[in-house]
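Report on the structure given below.
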Amino acid sequence: MGDISRILKRIVEREKVTIRGLARAIGVDHASLIRSLKDEGNPESRTVEKILNYLGYDLKFTKRKEAKQSKSKPSRSGRKRR
Numbered sequence: 001m002g003d004i005s006r007i008l009k010r011i012v013e014r015e016k017v018t019i020r021g022l023a024r025a026i027g028v029d030h031a032s033l034i035r036s037l038k039d040e041g042n043p044e045s046r047t048v049e050k051i052l053n054y055l056g057y058d059l060k061f062t063k064r065k066e067a068k069q070s071k072s073k074p075s076r077s078g079r080k081r082r
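If you count the sequence shown from 1, position 49 lands on 49 in the numbering used here, and the numbers rise without skipping.
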């Protein structure tokens, strides 16, 4: 999850917003936000959404033309087939 943390941190720095000010604006604990934005951080999806919304960014997922193929597809219950 470190990639998302690094990207978010770069966006925050580029927008010239302080971590303390951002935390206050989005209603997240300052220390929590610092931990989330560390290289090895693992921000919750709600935190990512709040940060991006506040800074005016959209998060979009785009499917690649060739998806990675796994050896076994997960069943509908989320467990791998044997």
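Where is the CB? At the ideal position from N, CA and C, for every residue including glycine.
None of these values were measured; they are calculated from a predicted model.
On a Cα-Cα basis, can you pick out the residue from the options that is closest to residue i?
i	options	result
THR18	ASP39, LEU55, PRO43	LEU55
ARG14	TYR57, LYS63, GLY2	TYR57
GLY27	ARG10, LYS16, ARG46	ARG46
Considering residue i, what are the terminal residues of the alpha helix (DSSP H) in which it resides?
i	result
LYS50	45-55
ASP3	2-14
LEU37	30-37
ARG64	Run containing ARG64: none; DSSP gives neither H nor E here.
Can you grab the Cα-Cα spacing for the pair residue i / residue j, in whole Å?
i	j	result
GLU40	LYS68	25 Å
ILE4	ILE34	14 Å
ASP29	ASN53	17 Å
GLY21	LYS65	40 Å
GLU44	THR62	21 Å
ALA23	LYS50	10 Å
State yes or no: is the beta carbon of residue i nearer than 7 Å to at least one beta carbon in chain B?
i	result
ALA23	The chain labelled as chain B is not found in the depicted structure, where only one protein chain is given.
Could you tell me how far apart the beta carbons of residue i and residue j are, in whole angstroms, since I believe they sit closer than 8 Å?
i	j	result
LEU59	LEU37	Incorrect: roughly 16 Å between the Cβ atoms, too far for contact.
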